[in-house]
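>
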Amino acid sequence: MSNLARLLEDSARRFPDRVAVVLGDTRLTYAQVDGAANQVANLLVSRGIEPGDKVALSCPNLPYFPIVYYGILKAGATVVPLNVLLKGREIAYHLADSDAKAYFCFQGTPELPIGREGHTGFEQAAECEHFFVITADPAAPSPIEGTETLGAALQGQPPTFGTVDVDDDDTAVILYTSGTTGQPKGAELRHRNMRDNALAGADLFGADAERPDTYLCVLPLFHSFGQTVIMNGGFAFGGTVVMLPRFEAGPALALMQRERVTFFAGVPTMYWGLLGALAEAGDAIDVDTLAATLRVAVAGGASLPVEVHKDVQAKFGVTILEGYGLSETSPVASFSRYGEPVRVGSIGVPIPGVEMRLLQADSWDDVPDGPDAVGEIAIKGHNIMKGYYGRPEATAEVIRDGWFRSGDLARRDEDGWYYIVDRSKDMIIRGGYNVYPREVEEVLMTHPDVSLAAVIGVPDESHGEEVKAVVIRAEGSTLTEDELVAWGREQMAGYKYPRVVEFVDALPMTATGKILKRELS
Numbered sequence: 001m002s003n004l005a006r007l008l009e010d011s012a013r014r015f016p017d018r019v020a021v022v023l024g025d026t027r028l029t030y031a032q033v034d035g036a037a038n039q040v041a042n043l044l045v046s047r048g049i050e051p052g053d054k055v056a057l058s059c060p061n062l063p064y065f066p067i068v069y070y071g072i073l074k075a076g077a078t079v080v081p082l083n084v085l086l087k088g089r090e091i092a093y094h095l096a097d098s099d100a101k102a103y104f105c106f107q108g109t110p111e112l113p114i115g116r117e118g119h120t121g122f123e124q125a126a127e128c129e130h131f132f133v134i135t136a137d138p139a140a141p142s143p144i145e146g147t148e149t150l151g152a153a154l155q156g157q158p159p160t161f162g163t164v165d166v167d168d169d170d171t172a173v174i175l176y177t178s179g180t181t182g183q184p185k186g187a188e189l190r191h192r193n194m195r196d197n198a199l200a201g202a203d204l205f206g207a208d209a210e211r212p213d214t215y216l217c218v219l220p221l222f223h224s225f226g227q228t229v230i231m232n233g234g235f236a237f238g239g240t241v242v243m244l245p246r247f248e249a250g251p252a253l254a255l256m257q258r259e260r261v262t263f264f265a266g267v268p269t270m271y272w273g274l275l276g277a278l279a280e281a282g283d284a285i286d287v288d289t290l291a292a293t294l295r296v297a298v299a300g301g302a303s304l305p306v307e308v309h310k311d312v313q314a315k316f317g318v319t320i321l322e323g324y325g326l327s328e329t330s331p332v333a334s335f336s337r338y339g340e341p342v343r344v345g346s347i348g349v350p351i352p353g354v355e356m357r358l359l360q361a362d363s364w365d366d367v368p369d370g371p372d373a374v375g376e377i378a379i380k381g382h383n384i385m386k387g388y389y390g391r392p393e394a395t396a397e398v399i400r401d402g403w404f405r406s407g408d409l410a411r412r413d414e415d416g417w418y419y420i421v422d423r424s425k426d427m428i429i430r431g432g433y434n435v436y437p438r439e440v441e442e443v444l445m446t447h448p449d450v451s452l453a454a455v456i457g458v459p460d461e462s463h464g465e466e467v468k469a470v471v472i473r474a475e476g477s478t479l480t481e482d483e484l485v486a487w488g489r490e491q492m493a494g495y496k497y498p499r500v501v502e503f504v505d506a507l508p509m510t511a512t513g514k515i516l517k518r519e520l521s
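Numbered according to full-length UniProt numbering, the sequence shown spans residues 1 to 521.
The structure is reproduced here in structure tokens:
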């Protein structure tokens, strides 16, 4: 089994009438999802898309996502999932950088305005050879004049397709991630990277196709966490994926009760939200039913507070398993062991088929062993990306002899369990989303009233970290905090733009002119 799409096909063959996807009152079986994905594959081939071509996808957690995702794979093409919160300039960059030949984009909602008329990203999208607007109603006309809807394009396409055979090392997915310098980079993940990581993770959590799990899908599927752990892992074992396009704690709790969810994965702020919603729900939520049904709860993206661990255990009767990974590692690299006592604060041990070690800051040598030894996490195994698309130099900086440098600092206890200590990168994690200061700084510097800007993360009760900009105004400027925040909202994705702005006369710097961010707060 080489093509990642075989995960869907195998379950469709074994369990054709089993429900694969739920959205509200819509319930699609495995046979229906596979048939629709076949139509997408036929569409792409009919338009000249060839194996290895890149096809971008902007879509929230809707049944369209897996249908288009697996359809692209079936055609032998590479999926380029894009964050649905990206704005026009960001969409344009990703489409150009990935060499996308086709683009599927959901029409949008007031909350997720991708695809709406006047959205500047569509000017660049028109440069793709093929552009399909995904409408909420398949029969509806395109909201963008002169563009084709997916519903219309699929008319007449057969629901059968011979999936293109690929090599295990062919690129299945390009996931965009950023560093502390430069623009976002596309991590090329092989078919075997994504497949083996999904299978290893599902097996780790005790997945059983004869007793399938029901997954609540609140993690965005354009992100590697949701893609691998929920969608690919769930489909591999014939599970049911219950979709929630946008996380809201109250509706999430109601879905968990109604659909008898057995598997929940989220970032720490989601668990914090669920606990708050449970306290407000009163008798509307049967806590005993939730506790009796929920089998697995996993967390990633940021450290989980001790009190949240305790409260979830008390209310839901399940121990949260914490893990660790990056887009470059497909993403799962380590996890707490299912069925064993949790070690609060630990990201667990390497998953089967993966190795981890701690490196010295200035070399690829291991740090000396010791209870207080801290080093940069390096990872090797089936999950390591091929490299950054079109960036051999950047790839060589982080991969050597199969080992990938994560940029994250950790310590390891005597039993081999890892604990994140800090991030050697300046990355900010806001509500589970990675925000890279340099990228935000470069956008801020395009504002005519900004002379210099430094972006840092500051503690935030709700989101873990908030994005703060420390700014030197251009001479004579009267720019206000509200004005800059409003401008940033228009220029950057919702999780990126600074909500907090501080104006200063000077920034602390080293003798070489490097800003000393550790002196900012």
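Where a beta carbon is used, it is the ideal one built from N, C-alpha and C, also for glycine.
Pop quiz: residue 74 and residue 102 are said to be a contact at Cβ under 8 Å. What is the actual Cβ separation, rounded to whole angstroms?
Mapped onto the sequence shown, residue 74 falls at position 74. Mapped onto the sequence shown, residue 102 falls at position 102. So it is not a contact: roughly 14 Å between Cβ atoms.
> Is it the case that the Cβ atoms of residue 469 and residue 498 are separated by a distance below 7 Å?
The residue labelled residue 469 in the question sits at position 469 within the sequence shown. The residue labelled residue 498 in the question sits at position 498 within the sequence shown. In this structure, residue 498 lies closer than 7 Å to residue 469 by Cβ.
> Give the straight-line distance between the Cα atoms of residue 508 and residue 473, rounded to the nearest whole angstrom.
For this step, residue 508 is matched to residue 508 along the sequence shown. For this step, residue 473 is matched to residue 473 along the sequence shown. Spanning the two alpha carbons is a distance of roughly 15 Å.
> Specify whether the region 159-179 and the region 132-142 touch according to this definition: at least 3 beta carbon pairs, one from each stretch, less than 8 Å apart.
Cβ pair count under 8 Å is below three, so no.
> What are the start and end residues of each continuous alpha helix (DSSP H) run of 4 or more residues lying completely inside the region 37-75, in chain order?
Counting only runs of 4 or more, we get 64-74.
> Please state whether the Cβ-Cβ distance between residue 380 and residue 355 is less than 7 Å.
Against the sequence shown, residue 380 aligns to sequence position 380. Against the sequence shown, residue 355 aligns to sequence position 355. It is a contact, given that the beta carbons lie within the stated cut-off.
> Run through DSSP, which three-state label would residue 394 get?
Counted from its first residue, the sequence shown places residue 394 at position 394. Residue 394 falls in the helix class under three-state DSSP.
> Quick one: complete beta strand (DSSP E) runs, 3+ long, within the region 172-248?
Listed in chain order, the complete beta strand (DSSP E) runs (minimum 3 residues) inside the region 172-248 are 185-190, 214-217 and 240-243.
> Indicate whether the contact test is met: 3 or more Cβ pairs, each with one atom in the region 195-203 and one in the region 401-419, closer than 8 Å.
No, the region 195-203 does not touch the region 401-419.
> Here's the rule I'm using: 16 or more other beta-carbon atoms within 10 Å means buried, otherwise exposed. How should residue 331 be labelled?
By one-based count along the sequence shown, residue 331 stands at place 331. With 16 or more Cβ atoms within 10 Å of its Cβ, residue 331 is classed as buried.
> Nearest to residue 188 by alpha carbon, out of 16, 352, 328 and 446?
Translated into the one-based positions of the sequence shown, residue 188 becomes position 188. Selected option, being the one with the closest Cα: 328.
> Can you tell me which of 317, 269 and 383 puts its alpha carbon nearest to the alpha carbon of residue 352?
Within the sequence shown, the letter at position 352 stands for residue 352. When each option's Cα is compared against that of residue 352, the closest is 383.
> Which ranges would you report for the alpha helix (DSSP H) in the region 414-481 if only whole runs of at least 4 residues count?
Fully enclosed alpha helix (DSSP H) runs of 4 or longer: 437-444.
> Rounded to a whole number of angstroms, what is the C-alpha to C-alpha distance between residue 55 and residue 273?
Position 55 of the sequence shown, counted from the start, is the residue given in the question as residue 55. Position 273 of the sequence shown, counted from the start, is the residue given in the question as residue 273. Distance between the alpha carbons of residue 55 and residue 273 is about 35 Å.
> Flag this pair as yes or no: are the beta carbons of residue 20 and residue 70 separated by less than 7 Å?
Your numbering for residue 20 matches position 20 in the sequence shown. Your numbering for residue 70 matches position 70 in the sequence shown. Result no, Cβ atoms of residue 20 and residue 70 do not sit closer than 7 Å.
> Using a C-beta cutoff of 7 Å, does residue 270 count as contacting chain B?
Absent here is chain B; the protein component of the structure consists of one chain.
> Suppose you measure from the CA of residue 171 to the CA of residue 136; what does that come to, to the nearest Å?
One-based indexing of the sequence shown puts residue 171 at position 171. One-based indexing of the sequence shown puts residue 136 at position 136. Cα to Cα, the separation comes out at about 30 Å.
> Have a look at residue 34 and residue 4 and give me their C-alpha separation to the nearest angstrom.
Taking the first residue of the sequence shown as 1, we reach residue 34 at position 34. Taking the first residue of the sequence shown as 1, we reach residue 4 at position 4. Near 13 Å, if we compare the C-alpha coordinates of residue 4 and residue 34.
> Quick one: what's got a C-beta closer than 8 Å to residue 309's C-beta in the same chain, skipping five residues either side?
Here residue 309 corresponds to residue number 309 of the sequence shown, with the count starting at 1. Around residue 309: 319, 320, 342 and 344.
> Let's see if you can read the secondary structure: which residues bound the alpha helix (DSSP H) around residue 140?
Here residue 140 is taken as the residue at index 140 of the sequence shown, counted from 1. Neither: residue 140 is in no alpha helix (DSSP H) and is coded neither H nor E.
> Per DSSP, which residues does residue 324 bridge with? Please list them.
Position 324 of the sequence shown, counted from the start, is the residue given in the question as residue 324. Bridge partners of residue 324: 334.
> Apart from the five residues on each side of it in sequence, which residues of its chain come closer than 8 Å, Cβ to Cβ, to residue 31?
Taking the first residue of the sequence shown as 1, we reach residue 31 at position 31. Correct list, in chain order: 12, 16 and 17.
> What are the partner residues of residue 314, as DSSP defines its beta bridges?
Here residue 314 refers to the residue found at position 314 when the sequence shown is read from its first residue. Answer by DSSP bridge pairing: none, since residue 314 is not bridged.
> Count the other CB atoms, across all protein chains shown, that sit within 10 Å of the CB of residue 249; report buried if there are 16 or more and exposed otherwise.
Here residue 249 refers to the residue found at position 249 when the sequence shown is read from its first residue. Buried.
> How would you call residue 402, buried or exposed, if buried means at least 16 neighbouring beta carbons within 10 angstroms?
By one-based count along the sequence shown, residue 402 stands at place 402. The residue in question, residue 402, is exposed, as its Cβ has fewer than 16 Cβ neighbours within 10 Å.
> Considering only the beta carbon of each residue, do residue 265 and residue 294 sit closer than 7 Å?
In the sequence shown, the residue the question calls residue 265 occupies position 265. In the sequence shown, the residue the question calls residue 294 occupies position 294. Result no, Cβ atoms of residue 265 and residue 294 do not sit closer than 7 Å.
> Taking residue 89 as the reference, which of 478, 183, 130 and 458 has the closest Cα?
Numbered from its first residue, the sequence shown carries residue 89 at position 89. Closest by alpha carbon: 183.
> Per DSSP, what kind of secondary structure is residue 111 in: helix, strand or coil?
As a position in the sequence shown, residue 111 is number 111, starting the count at 1. Any reading at residue 111 must be qualified, since the residue scores a pLDDT of 49, below 50, and its modelled position is unreliable; the value itself is stated next. Three-state result, residue 111: coil.
> Measure from the alpha carbon of residue 496 to the alpha carbon of each residue in 44, 27, 59 and 83, then state which is nearest.
Counting from one through the sequence shown, the residue named residue 496 turns up at place 496. For residue 496, the nearest C-alpha among the options comes from 83.
> Considering only C-alpha positions, which residue in the set 500, 517, 420 and 223 is nearest to residue 59?
Sequence index remark: in the sequence shown, residue 59 carries index 59 (1-based). Checking every option, the nearest Cα to that of residue 59 belongs to 223.
> What's the call for residue 505, buried or exposed, on a 16-neighbour Cβ count within 10 Å?
The residue given as residue 505 occupies position 505 in the sequence shown. Exposed, by the Cβ-count rule.
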